[in-house]
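Here is the structure we will look at, set down as structure tokens.
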Amino acid sequence: MGRKKKSRNEARRADKYALYQRAVQVPESDVSFLRRIFKRRFGRPARSLREDFCGTAALCCSWVEAHSKNLAFGVDLDPEPLNWGRENNLELLRKKDERRVELFEGDVLEVSHEKVDVTVAFNFSFFLFKTRPELVRYFRKARTTLKDEGLFVLDVFGGSEAYRAMEETTDHGDFTYCWEQARYEPISNELLCHIHFEFADGSRLKKAFTYDWRLWSIRELRELLTEAGFSKTEVYWEGTDTSTWEGNGVFTHRKSADDDPAFVAYIAAVR
42 MGRKKKSRNE ARRADKYALY QRAVQVPESD VSFLRRIFKR RFGRPARSLR
92 EDFCGTAALC CSWVEAHSKN LAFGVDLDPE PLNWGRENNL ELLRKKDERR
142 VELFEGDVLE VSHEKVDVTV AFNFSFFLFK TRPELVRYFR KARTTLKDEG
192 LFVLDVFGGS EAYRAMEETT DHGDFTYCWE QARYEPISNE LLCHIHFEFA
242 DGSRLKKAFT YDWRLWSIRE LRELLTEAGF SKTEVYWEGT DTSTWEGNGV
292 FTHRKSADDD PAFVAYIAAV R
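Below is the structure:
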């Protein structure tokens with residue numbers, strides 16, 4: 042009798058951090074955006090970056106690759122993505138670039154280092170703060186990380202589709218990215234989300250990442266940033282690709298915007 046052939050299971054072999062970076066992050070675009078708005082505001086190039094909730098520090102690595110004088114500091118409480126980032130992102134940098142990245146395992150509310158030009162909290166990471174006092178405390182801490190000419194930049198999502206349970210998939214060729222809003226609670230404005238990855242052999246990496254968040258509106262965030270001491274805030278709104286009616290990845294300064302059922306925007310706060 043022949044040996045039974047083992048069934049394929051791509052999900053078991055999958056690297057969730059590598060998949061996340063491919064499906065979710067475009068750090069080169071983030072770096073270009075940050076450099077552009079900083080130069081527009083202060084008339085000089087930004088050279089130092091702090092990435093809060095940095096995970097695998099992909100943005101830190103792209104930042105130092107963008108210019109030989111750039112420095113980056115990454116902060117995250119979870120050692121697992123930090124170690125993955127060291128082995129898979131920092132190790133791929135040239136040694137002279139790697140030396141200009143410093144990663145900290147710790148609480149973003151507590152970790153301190155030299156002041157920077159730009160501090161960011163991307164991938165909606167600060168949504169984990171669910172009360173106004175908690176979020177203002179974080180914003181005040183972020184302000185202390187900046188030089189006198191400094192920007193604190195957040196991303197935010199919203200629109201009517203954010204306020205309901207739903208699932209959305211995106212085909213990436215060798216895998217499918219699945220974003221699930223598993224539960225929305227309208228009284229507390231809390232949202233439970235999961236990321237799954239699906240493969241051609243039918244296997245699924247279920248709940249690769251889970252997020253227990255409060256949805257914050259742009260207006261709330263701008264008011265809380267002002268309360269935390271920032272002198273000015275600006276909103277950068279994503280344009281629309283008229284052939285697909287999806288976001289086109291181009292963000293421009295806007296004072297108002299049309300109703301959009303699913304938007305992503307940036308808020309830049311001037312120290």
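Numbering (the working numbering) for the sequence shown: 42 to 312.
Even for Gly, the Cβ is constructed at its ideal location relative to N, Cα and C.
In this text, all values refer to a predicted model and were calculated from it rather than measured experimentally.
Rounded distance between the beta-carbons of residue j and residue i, thought under 8 Å
{"i": "V142", "j": "V105", "result": "6 Å"}
{"i": "F292", "j": "F198", "result": "Not quite, the Cβ-Cβ distance comes to about 13 Å (not below 8 Å), so this is no contact."}
{"i": "V194", "j": "A298", "result": "Incorrect: roughly 18 Å between the Cβ atoms, too far for contact."}
{"i": "A256", "j": "V177", "result": "Note that residue 256 corresponds to Leu in the displayed sequence, not to Ala. Their Cβ separation, rounded to whole angstroms, is 17 Å, which puts L256 and V177 out of contact at 8 Å."}
{"i": "R181", "j": "A55", "result": "R181 to A55, Cβ: 39 Å. No contact."}
Spatially closest choice to residue i from the options, by CA coordinates
{"i": "A52", "options": "Y179, D242 and R81", "result": "D242"}
{"i": "N129", "options": "F193, N50, A98 and A223", "result": "A98"}
{"i": "M207", "options": "Q222, Y218, T217 and V197", "result": "Q222"}
{"i": "R88", "options": "L112, R54 and K247", "result": "L112"}
{"i": "K137", "options": "N230, H108, D148 and P120", "result": "H108"}
{"i": "E362", "options": "L75, T172, E132 and R54", "result": "Past the boundaries of the shown model lies residue 362; the chain is included only from 42 to 312, so the question cannot be answered."}
{"i": "G84", "options": "W257, K296, W278 and L192", "result": "L192"}
{"i": "W220", "options": "I228, G214, E239 and S229", "result": "E239"}
{"i": "E146", "options": "V161, L169, F114 and L176", "result": "F114"}
{"i": "L100", "options": "R82, P174 and L134", "result": "L134"}
{"i": "K156", "options": "S258, D300, E69 and R91", "result": "R91"}
{"i": "W278", "options": "W125, I78, T210 and R184", "result": "I78"}
Cβ-based neighbour list, residue i, same chain, cut-off 8 Å, excluding 5 preceding and 5 following
{"i": "F250", "result": "K57, Y61, H235 and I236"}
{"i": "K45", "result": "Residue confidence for K45 is low, a pLDDT of 40 falling below 50, so the modelled location carries little weight and cannot support an answer."}
{"i": "K80", "result": "P86 and A87"}
{"i": "T267", "result": "T274"}
{"i": "I259", "result": "V197, G199, V276, A306 and I308"}
{"i": "F165", "result": "D196, V197, F198, Y252 and W254"}
{"i": "S103", "result": "P68, E69, D71 and V72"}
{"i": "K110", "result": "R88"}
Under the three-state DSSP convention, the category residue i falls into
{"i": "C219", "result": "strand"}
{"i": "W104", "result": "helix"}
{"i": "F250", "result": "strand"}
{"i": "V65", "result": "helix"}
{"i": "E139", "result": "helix"}
{"i": "N289", "result": "strand"}
{"i": "F165", "result": "coil"}
{"i": "K57", "result": "helix"}
{"i": "E209", "result": "strand"}
{"i": "E151", "result": "coil"}
{"i": "F238", "result": "strand"}
{"i": "D71", "result": "helix"}
{"i": "R85", "result": "coil"}
{"i": "K182", "result": "helix"}
{"i": "I308", "result": "strand"}
Through-space distance from residue j to residue i, alpha-carbon basis
{"i": "T274", "j": "A306", "result": "13 Å"}
{"i": "Y204", "j": "T186", "result": "33 Å"}
{"i": "G43", "j": "N50", "result": "With a pLDDT of 44 at G43, under the threshold of 50, the modelled position of this residue cannot be trusted; read the value that follows with caution. For G43 and N50, the distance between alpha carbons rounds to 21 Å."}
{"i": "V65", "j": "D71", "result": "12 Å"}
{"i": "A59", "j": "G96", "result": "12 Å"}
{"i": "D253", "j": "R224", "result": "10 Å"}
{"i": "V311", "j": "S272", "result": "6 Å"}
{"i": "G280", "j": "Y218", "result": "23 Å"}
{"i": "K296", "j": "V276", "result": "7 Å"}
{"i": "G214", "j": "R245", "result": "15 Å"}
{"i": "L262", "j": "F167", "result": "11 Å"}
{"i": "R210", "j": "K188", "result": "The sequence shown places Thr at residue 210, rather than the Arg named in the question. Cα to Cα, T210 sits roughly 41 Å from K188."}
{"i": "L144", "j": "N289", "result": "32 Å"}
Other residues of its chain near residue i: CB distance less than 6 Å, five sequence neighbours each side excluded
{"i": "L75", "result": "V159"}
{"i": "F163", "result": "D196"}
{"i": "E190", "result": "F83"}
{"i": "D93", "result": "V116, V149 and A162"}
{"i": "G126", "result": "T97 and A98"}
{"i": "A183", "result": "T160 and F193"}
{"i": "P120", "result": "E146"}
{"i": "F170", "result": "L176 and Y179"}
{"i": "L123", "result": "D117, L144 and E146"}
Cβ-based neighbour list, residue i, same chain, cut-off 7 Å, excluding 5 preceding and 5 following
{"i": "D148", "result": "L118"}
{"i": "K247", "result": "H237"}
{"i": "F216", "result": "L60, F238, E239 and F240"}
{"i": "P302", "result": "G200, S201 and E202"}
{"i": "E139", "result": "L131"}
{"i": "R63", "result": "H213"}
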